[in-house]
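S.K.: Each number in our numbering comes from the position in the sequence shown (counting from 1) with 231 added on.
Yeah, the Cβ is synthetic: ideal placement off N, Cα and C, and Gly gets one too.
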Amino acid sequence: MDKMKFVLIGCGRIATLHVAGYKDNPDAELWGVCDTNASTAKKFAQEHGIPKIYKDFDEVLADKEVTAVELLLPHHLHCEYTVKACKAGKHVSVQKPMALNLAECDEMIKAARENKVLLKVFENFVFYPPYRFAKKLLDDGEIGAPVGIRLKMNNASLASRNIPIVGNMPKKGDPETEGVKETGWEVDPKSWLWRLNSTLSGGGPTVFDDGYHKFSTVMYLLGDVEKVTAWIDKTPVIPGVYNDSPAVIMWKHRDKKLYGVWDIMSSDDMYVQSKYYTCDERVEITGSRGVIWITRCTATMLPDVAPVFMYRDGKTTEFWDMKSDWADSFEASTRDFVDAIKNDREPVLSGQQGREVLKFALAAVDSARLCTEVYLDSYEDKPLPKKRGFIGNLLHGRS
Ligand SMILES: NC(=O)c1ccc[n+]([C@@H]2O[C@H](COP(=O)([O-])OP(=O)(O)OC[C@H]3O[C@@H](n4cnc5c(N)ncnc54)[C@H](O)[C@@H]3O)[C@@H](O)[C@H]2O)c1
Numbered sequence: 232m233d234k235m236k237f238v239l240i241g242c243g244r245i246a247t248l249h250v251a252g253y254k255d256n257p258d259a260e261l262w263g264v265c266d267t268n269a270s271t272a273k274k275f276a277q278e279h280g281i282p283k284i285y286k287d288f289d290e291v292l293a294d295k296e297v298t299a300v301e302l303l304l305p306h307h308l309h310c311e312y313t314v315k316a317c318k319a320g321k322h323v324s325v326q327k328p329m330a331l332n333l334a335e336c337d338e339m340i341k342a343a344r345e346n347k348v349l350l351k352v353f354e355n356f357v358f359y360p361p362y363r364f365a366k367k368l369l370d371d372g373e374i375g376a377p378v379g380i381r382l383k384m385n386n387a388s389l390a391s392r393n394i395p396i397v398g399n400m401p402k403k404g405d406p407e408t409e410g411v412k413e414t415g416w417e418v419d420p421k422s423w424l425w426r427l428n429s430t431l432s433g434g435g436p437t438v439f440d441d442g443y444h445k446f447s448t449v450m451y452l453l454g455d456v457e458k459v460t461a462w463i464d465k466t467p468v469i470p471g472v473y474n475d476s477p478a479v480i481m482w483k484h485r486d487k488k489l490y491g492v493w494d495i496m497s498s499d500d501m502y503v504q505s506k507y508y509t510c511d512e513r514v515e516i517t518g519s520r521g522v523i524w525i526t527r528c529t530a531t532m533l534p535d536v537a538p539v540f541m542y543r544d545g546k547t548t549e550f551w552d553m554k555s556d557w558a559d560s561f562e563a564s565t566r567d568f569v570d571a572i573k574n575d576r577e578p579v580l581s582g583q584q585g586r587e588v589l590k591f592a593l594a595a596v597d598s599a600r601l602c603t604e605v606y607l608d609s610y611e612d613k614p615l616p617k618k619r620g621f622i623g624n625l626l627h628g629r630s
């Protein structure tokens, strides 16, 4: 049987990690790419040996050979492009966050259902092998009943190649920092333009955008959330444009005495070693009998510490025998998409799961805005602003 044909829509920063899952895949091939920037598409196709370059999205949708599309696009396009692809009978994987609001999620879920195609929200953290391993330890009761979770994020800028403004360079003559090598992967400033415009991105780059991963991870590990309380501060990136951090977010899981907290701090003078974004995540899960730590994900501040280790009954156990590169989570998530289509099953995340994660993120943002705790069941969706602003119009050729 012929392999199923997949097309990437958007060949920007994250597209590079969406290639590996098709390599040596017996069921699927990465058949084509499409990007409004033709030279970006051409360069990407050449670099990765992808046979077909489409001039626009409509051409992809009109091609009967195409089985599925992966949407790797700015967030304000997620809903519109998903609905179009569903109507053209293509299966869809849409990068996180699923959409700008819950009404858009509903449209996307409805379009997939009515056109009998599969809708996956591509949230890779739930495929990160150390998180998967920790989940198995939890499910096997290794630390007893879970009673709490802490997520810690260190965003650092010293010598980082992916900070929106010029990274904090080592200070001349400072023996502590001179000679420090650049860290992290390079991010095109254009990739930040739409991200820092909340009309296009739906919210701040840290709590709303990157946070989608964290909210998803928490729900994957410990289940549904009942209520959330958040403080989200602002840090200027350029005059009038802000990053939504530092922040502290707390929540309670549904029907359980099980609480969580996520704290995000930015340290301008800190160096974080990373092959990807210079953002380090650690997780600590406390149970009635022990504790599990997961010590890395996007970055690796603690390379000498086991990816997962556990404390129980006075003893610590280190777990090293697993893949732990961030890219491994992308590969596994792509394979989930292919397998779900092949076997006609729900993907991870399904549209409904993706909607629940978005609700958690939106409720956290609302909590900070209203200075109150927000129950997810009573969270009310907000209408989207009609104006895209100067940058939005510039990027989309609309006046
Ligand atoms: N899973 C993760 O960890 C992770 C990390 C980064 C980004 N993302 C997500 O991936 C998506 C893309 O992010 P990115 O960082 O790659 O962005 P990016 O800005 O680097 O790339 C977006 C690409 O889409 C192209 N594009 C824009 N409009 C288009 C259109 N109408 N048709 C075709 N191409 C179009 C742009 O030219 C650009 O090349 C976002 O949803 C983002 O949140 C996920």
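1) To which residues does DSSP link Ile469 through a beta bridge?
2) With a CB to CB cut of under 8 Å and the five nearest residues on each side skipped, what residues in its chain are close to Asp567?
3) Give every residue of the same chain whose Cβ lies closer than 6 Å to the Cβ of Thr517, excluding the five residues on either side of it in the sequence, and list them in chain order.
4) Assign Gln583 to one of two classes, buried (16 or more other C-beta atoms within 10 Å of its C-beta) or exposed (fewer than that).
5) What does DSSP give as the partner residues of Ile463 in its beta bridges?
6) Between the alpha carbons of Arg520 and Gln326, how many angstroms are there, rounded?
7) Would you kindly check if the distance between the Cβ of Glu515 and the Cβ of Arg527 is under 9 Å?
8) If you draw a straight line from the alpha carbon of His309 to that of Met329, how long is it in whole angstroms?
9) Please report the straight-line C-alpha distance between His444 and Thr414, rounded to a whole angstrom.
10) Tell me whether Val596, by its Cβ, gets closer than 8 Å to a heavy atom of ligand 1.
11) Express the C-alpha separation of Ala293 and Phe364 in angstroms, rounding to a whole number.
12) Between which two residues does the beta strand (DSSP E) holding Leu261 run?
13) Taking 9 Å as the threshold (C-beta atoms), are Met541 and Trp557 in contact?
14) Among Ala299, His279, Ser609, Glu311, whose alpha-carbon lies nearest the alpha-carbon of Gly320?
15) Under three-state DSSP, which class holds Cys242?
16) If you draw a straight line from the C-alpha of Met400 to the C-alpha of Gly545, how long is it?
17) Note down the Cα distance separating Arg629 from Phe288, rounded to an integer number of angstroms.
18) Please report the residue range of the alpha helix (DSSP H) in which Ser598 lies.
19) Compute the Euclidean distance between the alpha carbons of Lys341 and Val605, then round it to the nearest angstrom.
20) Run the proximity test for Gln583: is its beta-carbon closer than 8 Å to any non-hydrogen atom belonging to ligand 1?
21) Looking at Tyr542 and ligand 1, is the gap between the Cβ and the nearest heavy atom below 8 Å?
22) Determine the extent of the alpha helix (DSSP H) in which Val569 is found, giving its start and end residues.
23) So, at 7 Å on beta carbons, what are the nonlocal neighbours of His249 in its own chain, with the 5 sequence-adjacent residues on each side left out?
24) With a threshold of 8 Å (Cβ to nearest heavy atom), would Thr529 be considered close to ligand 1?
25) According to DSSP, what are the bridge partners of Phe550?
26) Quick one: residues in its chain with C-beta nearer than 7 Å to the C-beta of Arg244, no 5 flanking neighbours on either side, listed in chain order?
M.R.: From the atom records:
1) Val472
2) Lys351, Phe358, Pro578, Val579
3) Val378, Gly379
4) exposed
5) Ala478
6) 37 Å
7) no
8) 7 Å
9) 22 Å
10) no
11) 42 Å
12) 259-265
13) no
14) Ala299
15) coil
16) 44 Å
17) Per-residue confidence for Arg629 stands at a pLDDT of 45, beneath the threshold of 50, marking its modelled position as unreliable; the derived number appears in the next sentence. In a straight line, the C-alpha of Arg629 is about 18 Å away from that of Phe288.
18) 582-601
19) 27 Å
20) no
21) no
22) 557-573
23) Leu239, Glu301, Leu303, Phe561, Thr565
24) yes
25) Val539
26) Val418, Asp419, Ser422
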